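Residue numbers (this note's numbering), protein chains in the order written: chain S, 41 to 207; chain U, 561 to 643. We treat Cβ as the ideally placed atom computed from N, Cα and C, and that holds for glycine. Keep in mind it's a predicted model, so treat the numbers as computed, not measured.
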């Protein structure tokens, strides 16, 4: 099994990361690639960019713990997670999750599990840099993005108690 | 112990990190938050709603009732919004 967890300021190439995970392997039958992309609006207001703050030493460890949990839960053959920090422009990737398995079910489920946990447990904080909106907001004004309750419930559905009752 | 602050908790406190030596009776994360909130206006603002601020002890998520004895680094931050 192959695991990559990387935090970087620079943009990533999703196709390249997915190819690297499966290169030279003939046991992998499914690769799922998820890319979270910066939109040009937040709550209907245009944005110039997102600024991502992170807790460097903890972010990598925390993502690593969730990757480990995914390996325990599904028959995975490889996982790559790349998370960016710093300034991210609309259209650019923020986060990449690539999961590989013999069959698609495990790859799909693990990718979703990892994303749900990344959003609620990986120590990153998004700040919106406004592009100047209809309500007289100043261009360049920075506002912290608020956590969504829907993200918490998305992560909660993978909780051990529910998993045990479901399986 | 080293205490680190992130995102709006950092902005409100006015610093990214500091070395603190809280009194011996401060036993849990909850106690530390209550103590910090009394250290000045910025701290009071940062911890005005202690249920919102999350914490980590030595780079692992920690609950409010977690004991801080022996901790090298404690971090406080808002709910996470990565991904």
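Practice task
Report yes or no: do three or more beta-carbon pairs, one from the segment 591-598 of chain U and one from the segment 113-132 of chain S, lie closer than 8 Å?
Solution key: Contact between the segment 591-598 of chain U and the segment 113-132 of chain S is absent, because fewer than three Cβ pairs lie under 8 Å.
Practice task
Using only alpha-carbon positions, find the residue among S:97, S:56 and S:153 that is nearest to residue 111 (chain S).
Solution key: The shortest CA-to-CA distance from residue 111 (chain S) to any of S:97, S:56 and S:153 is the one to S:153.
Exercise for the section: For residue 636 (chain U), return the contacting residues in chain S, with the cut-off set at a CB-CB distance below 7 Å. Expected result: Within 7 Å Cβ-Cβ: nothing; residue 636 (chain U) doesn't reach chain S, min ~11 Å.
Handout entry: At least 3 beta-carbon pairs within less than 8 Å: the segment 185-192 of chain S vs the segment 561-580 of chain U
Key = Contact between the segment 185-192 of chain S and the segment 561-580 of chain U is not established, with fewer than three Cβ pairs separated by less than 8 Å.
Handout entry: Candidates U:643, U:641 and U:615, of which the one nearest residue 588 (chain U) by Cα
Key = Comparing Cα positions, the closest option is U:615.
Handout entry: Segment limits, alpha helix (DSSP H) that includes residue 106 (chain S)
Key = Here the alpha helix (DSSP H) through residue 106 (chain S) covers 96-113.
Practice task
Could you check if residue 66 (chain S) is buried or exposed, using at least 16 other CB atoms within 10 Å of its CB as the buried criterion?
Solution key: Exposed is the label assigned to residue 66 (chain S), since fewer than 16 other Cβ atoms lie within 10 Å of its Cβ.
Exercise for the section: Identify whether residue 207 (chain S) lies in helix, strand or coil by the three-state DSSP scheme. Expected result: Confidence at residue 207 (chain S) is low in this model, with a pLDDT of 41, below 50, so the placement of that residue should be treated as unreliable; the coordinate-derived value is given next. Coil, per DSSP.
Exercise for the section: Give every residue of the same chain whose Cβ lies closer than 6 Å to the Cβ of residue 1 (chain S), excluding the five residues on either side of it in the sequence, and list them in chain order. Expected result: Lying before the first or after the last residue shown, residue 1 (chain S) is absent from chain S, which here runs from 41 to 207.
Problem - residue 63 (chain S), enclosing beta strand (DSSP E) - first and last residue - result: Counting along the chain, no beta strand (DSSP E) covers residue 63 (chain S), and no H or E run does either.
Handout entry: Min CB distance residue 561 (chain U) to chain A below 8 Å
Key = Here chain A cannot be found, since the structure's protein chains are S and U.
Practice task
Taking residue 577 (chain U) as the reference, give the member of U:565, U:602 and U:613 with the closest Cα.
Solution key: Ranking the options by Cα distance to residue 577 (chain U), first place goes to U:565.
Handout entry: When S:72, S:55 and S:189 are compared against residue 159 (chain S), the one with the closest alpha-carbon
Key = Out of S:72, S:55 and S:189, the CA that lies nearest to the CA of residue 159 (chain S) is found in S:189.
Practice task
Taking the CB atoms as reference points, tell me whether residue 62 (chain S) and residue 147 (chain S) lie closer together than 8 Å.
Solution key: Result no, Cβ atoms of residue 62 (chain S) and residue 147 (chain S) do not sit closer than 8 Å.
Practice task
Please decide whether residue 196 (chain S) counts as near chain U, where near means a Cβ-Cβ distance under 8 Å.
Solution key: No, its Cβ sits nowhere closer than 8 Å to a Cβ of chain U.
Handout entry: Three-way DSSP call (helix, strand, coil) for residue 202 (chain S) in this model
Key = Below a pLDDT of 50, predicted positions are generally treated as unreliable, and residue 202 (chain S), at 49, falls in that range; the measurement from the model is reported next regardless. Correct three-state label for residue 202 (chain S): helix.
Problem - Whole-Å CB distance - residue 97 (chain S) paired with residue 632 (chain U), under 8 Å assumed - result: Here residue 97 (chain S) is actually not in contact with residue 632 (chain U); their C-beta atoms are around 11 Å apart, not less than 8 Å.
Practice task
Could you have a look at residue 82 (chain S) and say whether DSSP puts it in helix, strand or coil?
Solution key: Here residue 82 (chain S) sits in strand by DSSP.
Problem - For residue 585 (chain U), the three-state DSSP class (helix, strand or coil) - result: Correct three-state label for residue 585 (chain U): coil.
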